[in-house]
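Heads up, my numbering is the position in the sequence shown plus 5, with the first residue counted as 1.
The structure under discussion appears below in the form of structure tokens.
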Amino acid sequence: MSAPEKKLVRSKSGLRMIPVNNVDVSPFTISEPPWVPDNECVVCMNSSCRAKFDFRRRRHHCRRCGRCFCNSCCDSKVPLNRMCFVDPVRQCNVCVEVSRKENEFFDKHLKTLCNGGDFVLKESGDEIEGSSSTFRCKLSTDNRTVTFESNHDKHEPIQMERLESVQILTGGVDAEVFPRLDDDGNMVASGIAMKYQNHSSDKNMVKLVINPTSTNKREGQMWIAAMQKAFKLIHETRMLDKP
Ligand SMILES: [Zn+2]
Ligand SMILES: [Zn+2]
6 MSAPEKKLVR
16 SKSGLRMIPV
26 NNVDVSPFTI
36 SEPPWVPDNE
46 CVVCMNSSCR
56 AKFDFRRRRH
66 HCRRCGRCFC
76 NSCCDSKVPL
86 NRMCFVDPVR
96 QCNVCVEVSR
106 KENEFFDKHL
116 KTLCNGGDFV
126 LKESGDEIEG
136 SSSTFRCKLS
146 TDNRTVTFES
156 NHDKHEPIQM
166 ERLESVQILT
176 GGVDAEVFPR
186 LDDDGNMVAS
196 GIAMKYQNHS
206 SDKNMVKLVI
216 NPTSTNKREG
226 QMWIAAMQKA
236 FKLIHETRML
246 DKP
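In structure tokens form, the structure reads like this:
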């Protein structure tokens, strides 16, 4: 699948590169906030600053939250992938931290997801040994779907927007291959369970289990960790968008 066609648009906050078609919008995208009007704020909105605005101390709007700050509380310019800005944009001290964490996701984990991982797929209720198939699971380049590639079998793609929950699996059926804890006492993922709605809105669940015979279990573990982060980003956005 090729990347969707995009166009440049200019908003008051800066240049944005967005898909030509609305259906191609990434599930990680969040919308620009309305700006707090200048006449509604006489002091910096950082509660531990509250500096009064005048002709020398000017107002600056955070591009991420839309609130109004003095220069020293809003002087960092940081990439804001989720609003599709081409260049780094001005953000308040609180938002800068959130964006930096997200940028780590975009720089690293998103690539892991698109690169893919090899998993044994178990459908819900599918407990019979030997009935499972091995797939390469990938996030599509438009970030909207998880696809399943195999020479022998087919599985419906999962829409990221229709993902309802993810759960990390540890130990379990493959406990002998995957100890629950690593040498440092951290939980070791052996797989991930994903609950989703399919195209006819039926609820479904798949378990993706790292292939016990895989020579590259680390890749699978990284993919699982990245999927958990991806779900968290989308889930938080759903919460924010609720009226
Ligand atoms: Zn902010
Ligand atoms: Zn301030």
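The C-beta atom is built at its ideal place from N, Cα and C for all residues, glycine as well.
As the structure is a computational prediction, the values presented were derived from the model and not from experiment.
Throw me the rounded Cβ distance for the residue i and residue j pair, which I believe falls under 8 Å.
| i | j | result |
| --- | --- | --- |
| Gln226 | Val171 | No, Gln226 and Val171 are not in contact; Cβ-Cβ is about 14 Å, not under 8 Å. |
| Lys18 | Arg68 | For the sequence presented, residue 18 should be read as Ser rather than Lys. Contact holds; Cβ gap of about 4 Å. |
| Val214 | Lys127 | 6 Å |
| Glu10 | Pro24 | 7 Å |
Count the other CB atoms within 10 Å of the CB of residue i; is the residue buried (16 or more) or exposed (fewer)?
| i | result |
| --- | --- |
| Glu107 | buried |
| His65 | buried |
| Thr146 | exposed |
| Ala235 | buried |
| Val101 | buried |
| Pro39 | exposed |
| Ser104 | buried |
| Arg59 | In the sequence as displayed, the identity of residue 59 is Asp instead of Arg. Exposed, by the Cβ-count rule. |
| His157 | exposed |
Taking the C-alpha atoms as reference points, what is the distance between residue i and residue j?
| i | j | result |
| --- | --- | --- |
| Arg278 | Lys143 | Summary: the structure shown does not reach residue 278, with the chain confined to residues 6 through 248, and so no result is reported for it. |
| His243 | Thr175 | A quick correction: the sequence has Arg, not His, at residue 243. If I take the Cα positions, the gap works out to 27 Å. |
| Ile35 | Ser195 | 32 Å |
| Asp43 | Trp228 | 45 Å |
| Val83 | Leu13 | 19 Å |
| Cys78 | Phe111 | 25 Å |
| Ser155 | Met192 | 29 Å |
| Pro217 | Ala230 | 18 Å |
| His204 | Val211 | 15 Å |
| Glu166 | Ser53 | 38 Å |
| Cys119 | Val30 | 16 Å |
| His240 | Glu169 | 9 Å |
| Glu161 | Arg223 | 25 Å |
| Asp2 | Glu109 | Lying outside 6 to 248, the shown extent of the chain, residue 2 is not represented and no answer is given. |
| Asn76 | Val99 | 14 Å |
| Ser206 | Ala198 | 18 Å |
| Lys237 | Asn209 | 19 Å |
What residues come near ligand 2, if near means a beta carbon less than 7 Å from any of its heavy atoms? Cys49, Asn51, Cys54, Ala56, Phe74, Cys75, Ser77 and Cys78
Under 7 Å, CB to any heavy atom of ligand 1. Which residues pass, going along the chain? Cys67, Arg69, Cys70, Arg72, Gln96, Cys97, Val99 and Cys100
Specify whether the stretch 136 to 156 and the stretch 70 to 79 touch according to this definition: at least 3 beta carbon pairs, one from each stretch, less than 8 Å apart. no
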